[in-house]
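Numbering (this note's numbering), first residue to last: 676 to 1432. Note that the Cβ used here is the ideal one computed from N, Cα and C, for glycine as well. Keep in mind it's a predicted model, so treat the numbers as computed, not measured.
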């Protein structure tokens, strides 16, 4: 029996190496049936089940190995590693400690245990475990590196540098050079930081050449493009071994433009850090004092802002921008005489340089803030309040049966209106959709499984439970809407405000960046970007019935398809006859996909108004459908609606390859630098490169519905996974520093096999 078991075990090993997992499972199962103590078969089954995403079965196999072979450290490691990925940290910690009892001289176990303690915020225990690992194995570079990252997170930068320097002596890599440079930059050790950054980019000339070439093709029309251009200059300067003074100026420019980009989307803390670093590198750049002061004002750190503005005036005594914002701050602090002095300086500068300062500082009052009575968390709150008080305004609130599979809502308890803020203050507790803590929690809820270094699998068996808000349409007379227009390719619609006829902002219909991720507990309704406006554009009166459909980022494919189009169906389900609506307000209709999809819905072009053209309107009668779900979180009815709308027989024969690679070569950002090499590699494996801009929406739907394997960089193209058939394989490519879960929910709901690298 044992010989027969060994035969089947060896057969399973061969099949596993060839990738025939199910046949290998059958062989191992037979080996175990013949010999229940065939530990290696249990172990290999654990590996296969993990690779297939059958985590519970994998855990069970590793536990059986440990039961039969308590000294098997590999089984402990694999079992604990899976538990860490499932965010079951207490169990993982217990497994590692159990393993340490059997192998108290294992540096690897202590290193891994330390990382679990670190994730549990058990910092003292983590530090002790790291030290144990290093004491047992002084040349274990991984332990030193992890200890350095520990110190970096604890902001003990000197200790982090020492750990990283040890790793550099033991096993120098680009990653460790970069981490060491980051710690040195935090200490303002610029020369040493530049030296290590130069080592990090050594032998990367082809990559850098392509990045710099792409960057130089960009127009300096927005802050993100400017940041890329500045980064290209900095990298070329590093390669050329430019003087440290010149490199610092280049890097200051990078920080400055990154700060502007982050500030534009409400990431105030991050923007502040960028400006501070830029100032340390170039203290003579007066614009930095203005920008840094403004970020401090948004955090209500007025004393610090005053100090920064005054420092800026020491550098540039005639800077009109600093004088203006300093005057505003003094006026708010009831120091009118001091404020007037700075306003007079602005006027003097405007008279002196009329060409340079045409209409920048016009001293407009913030009338829209003075008019607002308050903020209702939900439109339904306002409706209940109006009904109880007998409002003179006409309105109609209609709930819609959209999320039919959701948990029935509890009895509604209306909330009172919140007082509007006296001035805008950024959310300091959470970065919204850019919040690393919230995104980390959201990613953990999907329980991604690491298959190889940098390769992960999202099992569709772990569907995160996120409650959805009620779906409805609200009709009001004389309501107002402000929709931030697109400024450039990067700065698209970042804010929407819906104002009732009696001057209340309805928060659930008034989204704004950075907004918040599902599950966030720190979203502050009073920190809407509407309150940051110094003045509103002219109000346009629109006669007749107006449907307000615009959404955040409605200029891009994902948000148009996921957030905007389903609102038409919500309108229809609320009993609204679309033919009886006079105007439909959308962000724009200049993109081919926008025109095509509106035509599919039967919306005549002459009935469409662009909120880019009319950003602030008041309607005789405004109809506002709710959003179909959370921002960046796709609801099942949205998928069903889009499939019903666009997944139709094609009017012409379309070549439908089974394996496709979706290129982003035509995209303005988030491009793969070595895309040509990747295309050549994938072509060898039968992939066809597709540029989706060349296809209609219905053709894109058909392509994705027919595909068996899809490779694509994270981006709007993956919106089309709503059209995929079950078991389609998706391979999503991320930047190492930008991980998002936007498309994972679609894969969960459509039963797709989703991997990311």
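Report the partner residues of residue i according to the DSSP bridge assignment.
i, result
"residue 1172", "1157"
"residue 1180", "1050 and 1174"
"residue 1385", "1335 and 1405"
"residue 638", "Lying before the first or after the last residue shown, residue 638 is absent from the chain, which here runs from 676 to 1432."
"residue 684", "BP columns for residue 684 are empty, so no partner."
"residue 1236", "Answer is none; residue 1236 lacks a bridge partner."
"residue 1148", "1073 and 1300"
"residue 1222", "1259 and 1298"
"residue 1429", "1133 and 1405"
"residue 852", "BP columns for residue 852 are empty, so no partner."
"residue 1127", "1130"
"residue 1413", "1410"
"residue 1217", "1294"
"residue 1093", "1050"
Please check the pair residue i and residue j, which I expect to be a contact at CB under 8 Å, by giving their CB distance rounded to whole angstroms.
i, j, result
"residue 713", "residue 706", "5 Å"
"residue 1347", "residue 1311", "Actually they do not touch by this definition, with Cβ atoms about 31 Å apart."
"residue 938", "residue 899", "With 8 Å as the limit, residue 938 and residue 899 do not qualify as a contact, their Cβ atoms being about 12 Å apart."
"residue 940", "residue 1189", "6 Å"
"residue 778", "residue 748", "6 Å"
"residue 725", "residue 1138", "At roughly 19 Å, the Cβ-Cβ gap does not stay under 8 Å, so residue 725 and residue 1138 are not in contact."
"residue 881", "residue 893", "About 20 Å; that fails the 8 Å criterion."
"residue 1168", "residue 1249", "That belief does not hold up - the Cβ atoms of residue 1168 and residue 1249 are roughly 24 Å apart, past 8 Å."
"residue 831", "residue 955", "20 Å between Cβ atoms; not a contact."
"residue 1272", "residue 1323", "In fact, because the Cβ distance is near 13 Å, the residues do not count as touching under 8 Å."
"residue 1113", "residue 1194", "7 Å"
"residue 984", "residue 963", "About 12 Å; that fails the 8 Å criterion."
"residue 1181", "residue 1072", "With 8 Å as the limit, residue 1181 and residue 1072 do not qualify as a contact, their Cβ atoms being about 11 Å apart."
When burial is assigned at 16 or more other CB atoms within 10 Å of the CB, is residue i buried or exposed?
i, result
"residue 820", "buried"
"residue 676", "exposed"
"residue 1076", "exposed"
"residue 790", "buried"
"residue 1269", "buried"
"residue 1344", "exposed"
"residue 1365", "buried"
"residue 1362", "buried"
"residue 1017", "buried"
"residue 1448", "Residue 1448 is absent from the model: the chain starts at 676 and stops at 1432."
"residue 931", "buried"
"residue 786", "buried"
"residue 1329", "exposed"
"residue 1265", "exposed"
"residue 966", "buried"
"residue 1290", "buried"
"residue 1068", "exposed"
"residue 1307", "buried"
"residue 669", "The chain is shown from 676 up to 1432; residue 669 falls before or after that span and cannot be answered."
"residue 694", "exposed"
"residue 995", "buried"
"residue 718", "buried"
"residue 1277", "exposed"
"residue 921", "exposed"
"residue 765", "exposed"
"residue 1019", "exposed"
"residue 1015", "exposed"
### Task
Run through the region 786-815 for me and flag every whole alpha helix (DSSP H) of 4 or more residues, listed as ranges in chain order.
Segments of the alpha helix (DSSP H) lying fully in the region 786-815: 798-811.
### Cβ contact check for the region 1153-1162 and the region 1172-1186: 3 or more pairs under 8 Å
As far as the Cβ criterion goes, the region 1153-1162 touches the region 1172-1186, which means the pair count is three or higher.
### Task
Ignoring anything shorter than 4 residues or poking outside the region 701-784, list the alpha helix (DSSP H) runs there in chain order.
Taking 4 residues as the shortest admissible run, the region 701-784 contains the following complete alpha helix (DSSP H) segments, listed from N- to C-terminal end: 714-726, 730-743, 748-760 and 764-777.
### Task
Could you name each continuous alpha helix (DSSP H) segment of 4 residues or more that falls completely within the region 1332-1371, going from the start of the chain to the end?
With a minimum length of 4 residues, the unbroken runs of alpha helix (DSSP H) contained wholly in the region 1332-1371 fall at 1350-1359.
### At least 3 beta-carbon pairs within less than 8 Å: the region 912-921 vs the region 860-873
Contact between the region 912-921 and the region 860-873 is present, because at least three Cβ pairs lie under 8 Å.
### Query
Is the region 1298-1305 touching the region 1211-1224 in the sense that three or more CB pairs, one from each, lie closer than 8 Å?
The region 1211-1224, when compared against the region 1298-1305, does touch it at the 8 Å Cβ threshold.
### Query
Taking three-plus beta-carbon pairs below 8 Å as touching, is the region 801-808 in contact with the region 775-792?
Here the region 801-808 lies against the region 775-792, with 3 or more beta-carbon pairs under 8 Å apart.
#### Entry: contact_flag[the region 1201-1219, the region 1228-1237] where n(CB pairs < 8 Å) is 3 or more
Touching, no.
### Query
Using 8 Å as the Cβ pair cut-off and three pairs as the minimum, do the region 1385-1405 and the region 1118-1129 touch?
Because the criterion of three Cβ pairs below 8 Å is not met, the region 1385-1405 and the region 1118-1129 do not touch.
### Query
Hey, which unbroken runs of the beta strand (DSSP E) at 3 residues or more fall wholly within the region 1263-1323?
Listed in chain order, the complete beta strand (DSSP E) runs (minimum 3 residues) inside the region 1263-1323 are 1283-1285 and 1291-1300.
### Message
Check whether the region 1131-1149 and the region 958-978 touch, using three or more Cβ-Cβ pairs below 8 Å as the test.
### Response
Flag = no, the region 1131-1149 and the region 958-978 do not touch.
### Query
Does the region 1045-1053 come close enough to the region 1088-1096 to have 3 or more Cβ pairs within less than 8 Å?
Short answer: they touch.
### Query
Which parts of the region 868-896 are runs of the alpha helix (DSSP H), unbroken and 4 residues or longer, counting only runs that do not cross its ends?
If we require 4 residues or more, the alpha helix (DSSP H) runs fully inside the region 868-896 come out as 880-891.
### Query
Any contact of the region 1003-1011 with the region 985-994, i.e. 3+ C-beta pairs under 8 Å?
No, they do not touch.
### Query
Does the region 1270-1286 come close enough to the region 1248-1262 that 3 or more CB-CB pairs lie under 8 Å?
Result yes; three or more Cβ-Cβ pairs closer than 8 Å.
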